[in-house]
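For reference, the structure is listed below as structure tokens.
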Amino acid sequence: GSGGGGGAKDTLAEIFSQDTLPELPDAYQAFQQGVSRQLARQRPGLGEELLVEALHRQMDDGAADAGAHRHVLAALAPWVAALHLPHIAAAGRAERLLKSLYFVTYFRGDALPREIETLWRHIGRSPRNVVPALRFLETKGLE
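Anchor point for the sequence shown: position 92 equals 92 in UniProt numbering, and the numbering is continuous, going up by one each time.
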């Protein structure tokens, strides 16, 4: 479509406008975050499947080290912020997504508390998402 890759270019411009360049991992992380934010805005329809897949991969112990898990979870934040749980719940798919987030919280919460907290905070920040999330957590608590 039109109006393409401005967000990624803006992120790079910001990185290179600094007096000293950041370390490569920091620059890569900033770029990754910028691209993730841009994609979450431009392609919100990808969010649900992307989140389920990425969260599922977070539960694979052999997949990556804690640093890689941290970067992926941070990059997922814009996608979680864009979620509209009532629509997903109406289609009968909210449980799958929330269950993935729940189990990632269980498996990664101790090692990556800030990243996990950010994801849940993004869900709670949108009033429309609170009721479906609380219903899910209530059901999980009763199991």
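Note that beta-carbon positions come from the ideal geometry of N, C-alpha and C, so glycine has one too.
So, are the CB atoms of Ile-88 and Glu-49 less than 7 Å apart?
Within the sequence shown, residue 88 is the residue found at index 88, counting from 1. Within the sequence shown, residue 49 is the residue found at index 49, counting from 1. No. Outside cutoff.
If we count the other Cβ atoms within 10 Å of its Cβ and call it buried at 16 or more, is residue 171 buried or exposed?
Absent from the model: residue 171. The displayed extent of the chain is 1 to 143, so no value can be given.
If you draw a straight line from the alpha carbon of Lys-140 to that of Gln-32, how long is it in whole angstroms?
The residue you call residue 140 lines up with position 140 of the sequence shown. The residue you call residue 32 lines up with position 32 of the sequence shown. Roughly 33 Å separates the two Cα atoms.
Just to confirm, is the Cβ distance from Phe-136 to Met-59 under 7 Å?
As a first step, residue 136 must be located in the sequence shown, where it is residue number 136. As a first step, residue 59 must be located in the sequence shown, where it is residue number 59. Their beta carbons are not under 7 Å apart, which means Phe-136 does not touch Met-59 by this criterion.
Find out if the Cβ-Cβ distance for the pair Gln-38, His-71 is shorter than 7 Å.
If you number the sequence shown from 1, residue 38 lands on position 38. If you number the sequence shown from 1, residue 71 lands on position 71. No, the pair does not count as a contact, with Cβ atoms beyond the cut-off.
Out of Trp-120, Trp-79, Leu-55 and His-84, which has the shortest C-alpha to C-alpha gap to Arg-128?
On the sequence shown, residue 128 is found 128 positions in, with the first residue counted as 1. Residue His-84 is the option with its Cα nearest to Arg-128.
From Ser-100 to Val-35, what does the alpha carbon distance come to, in whole angstroms?
Within the sequence shown, numbered from 1, the residue matching residue 100 stands at position 100. Within the sequence shown, numbered from 1, the residue matching residue 35 stands at position 35. Each residue's alpha carbon lies about 23 Å from the other.
Could you tell me which of Leu-142, Leu-119, Val-131 and Glu-138 sits nearest to Leu-55, measuring between CA atoms?
Residue mapping note: residue 55 aligns to position 55 of the sequence shown, counting from 1. Checking every option, the nearest Cα to that of Leu-55 belongs to Leu-119.
To the nearest angstrom, report how far apart Ala-111 and His-69 are at their CA atoms.
On the sequence shown, residue 111 is found 111 positions in, with the first residue counted as 1. On the sequence shown, residue 69 is found 69 positions in, with the first residue counted as 1. Approximately 10 Å between the Cα atoms of the pair.
Does the distance from the CB of Ala-82 to the CB of Pro-44 come in under 7 Å?
Reading the sequence shown from its first residue, position 82 is the one you call residue 82. Reading the sequence shown from its first residue, position 44 is the one you call residue 44. For Ala-82 and Pro-44, yes; Cβs fall inside 7 Å.
Would you identify the three-state DSSP class for Arg-121, choosing helix, strand or coil?
Here residue 121 is taken as the residue at index 121 of the sequence shown, counted from 1. Of the three classes helix, strand and coil, the one that applies to Arg-121 here is helix, per DSSP.
So for Leu-50, helix, strand or coil by DSSP?
Indexing the sequence shown from 1 puts residue 50 at position 50. Looking at Leu-50 - three-state DSSP - the assignment turns out to be helix.
Count the other CB atoms, across all protein chains shown, that sit within 10 Å of the CB of Ala-75; report buried if there are 16 or more and exposed otherwise.
As a working mapping, residue 75 is identified with position 75 in the sequence shown. The residue is buried, with at least 16 neighbouring Cβ atoms inside 10 Å.
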